[in-house]
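Structure record follows, encoded as structure tokens.
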Amino acid sequence: MNEKDSDILSKVENYYQDYGLRARELKDQGQKVIAYLCSLVPVEIISAAGFLPFRIRGDVHEPITKGDTQLETIACPFMRSCFDVSLKRRYDFCEGLVLPHACDSITRTYSVWRYSLDLPYSHFINLPHTVRGPSMDFFKAELETFRKSLGRFAGKEISDGDLAESIDLHNENRNKARALYELRKSDPPLVSGTEIATILTVGMSLPVKEANNLFDEVLEKLKQRKEAPFKKAPRILIDGACVDNIDFFKLIEDSGANVVADSLCIGTRDYWPKTEVGGNPVDTLAHRYLDKINCPRTYREKVGETYQEDLESRFGDVGSLIKEFNVDGVILYLYKYCDPFGFEVPARKAYLDSLKMPVLYLEDEYSTGTIGRLRTRIQAFLEMIGS
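Residue numbers (our numbering): 15 to 401.
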């Protein structure tokens, strides 16, 4: 094993702990960085313009202080944390901000972000809440508006060729993420959920070409493991919104489980759907972000005659992951005041019950202060599965 291979996981850990390190380095070299929040922002357009798309993270270890002077405390704690660390200039290397019409906490605070950060560039992408034909047409027009707006800031026209090249790179990125997930299928898995969460989070802070190279190096390193470094244990899938910190993964695995799959925004919800190639690139991007990403903020009409058929059409992607990764139990993990996911909890639990899949529902603050309470409930859940 050469020195480069032995150092790659340490490099990933360093990028995770000092999130934005590489973006700062590139900023010093003249690279412009555009921050974004949520999986519904079409990063392909940002990359095609020559910018680095940088996903904003919160910090579960940092008390929300400055953020709560401008936002109400009954808003999503994850979003409040992202806003708080941004106000504290953690991401002061970013020259722009893009937010989508995702949830009310993001939508209703866009003007606060824009006013407080006073960045050279900001843009709000208005996504419809349905996927019908008129909604898709509207969203295509929105993406064209975003394309032109970003092009003006870049001082260049973003051509269809630029978009096609960017789509290929980001699809390649998603393929490499899937290859990493393949290492989780063995029992015990060759890679932990904590490691995967760290790698994917870091990937969203790098230029897509660098992220692709990093994923290749990590994959090569992990495949060299002769045997799994973990014991056989209950195989857990985490279902929820945006878990952008490894503490929760680590808590579950330290409690005696293996996290082998997820349905999360920094996970399969973002990395699984690919953009179709060929044709009008704006049309294919619109289809990916409005239709293919299965987020509860998007309303989908009832499919089938029965409630069970409707559940299958809405949550069948989770069922497929359960089967593909041989899952023993699901932890449904939501943040307090997350209305889109909160409204879906009964239906999600009903679907998992129909699969006879044990499920633990946790509603949490975006903080490490609740770890003791969570640990007790997770350990009890794992004991139930084990029995």
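Heads up, the beta-carbon is just placed ideally off N, CA and C, and yes, glycines get one too.
Computed from a predicted structure; not experimentally measured.
- Inclusion of Arg94 and Ile120 in the CB contact set at 9 Å is not warranted, their separation being larger than that value.
- Straight through space, the alpha carbons of Gln393 and Thr298 are spaced by roughly 44 Å.
- Look at Arg314 here: in three-state DSSP terms it is coil, with no helix or strand label.
- In this structure, Thr215 lies away from Ile172, with their beta-carbon atoms at least 9 Å apart.
- Ala275 carries a strand assignment under DSSP once its states are collapsed to helix, strand and coil.
- If you draw a straight line from the Cα of Ile48 to the Cα of Glu109, it is about 6 Å long.
- Within 10 angstroms of the beta-carbon of Thr123 lie 16 or more other beta-carbons, which makes it buried.
- Scanning the region 98-153 from its first residue to its last, the whole alpha helix (DSSP H) runs of 4-plus residues come out as 118-121, 124-131.
- Non-local beta-carbon contacts of Leu369 in its own chain, meaning distances under 7 Å to residues more than five positions away in sequence, involve Gly333, Ile336 in chain order.
- Under DSSP, Phe68 takes part in a beta bridge, and its partners are Ala49.
- Here DSSP, grouped into helix, strand and coil, assigns Glu377 to strand.
- Taken atom to atom, the span from the alpha-carbon of Ile307 to that of Pro287 is near 7 Å.
- Beta-bridge partners assigned by DSSP to Gly343: Ile250.
- Boundaries cannot be given for Glu76, as no alpha helix (DSSP H) includes it and DSSP labels it neither H nor E.
- Rounded to whole angstroms, the separation of the alpha carbons of Pro360 and Ile345 is 14 Å.
- Here the alpha carbon of Asp201 sits roughly 42 Å from the alpha carbon of Phe107.
- Check the Cα spacing between His184 and each of Asn272, Leu66, Leu251: the tightest is with Leu66.
- Taking a cut-off of 8 Å on C-beta distances, the region 259-274 does not touch the region 156-163, as fewer than three cross pairs fall below it.
- Shown here for Thr208: same chain residues with a beta carbon closer than 7 Å to its own, the five before and five after excluded, namely Ile260, Phe263, Lys264, Glu267 in chain order.
- Tyr285 carries a helical assignment under DSSP once its states are collapsed to helix, strand and coil.
- A Cβ-Cβ contact shorter than 9 Å links Ser180 with Glu58.
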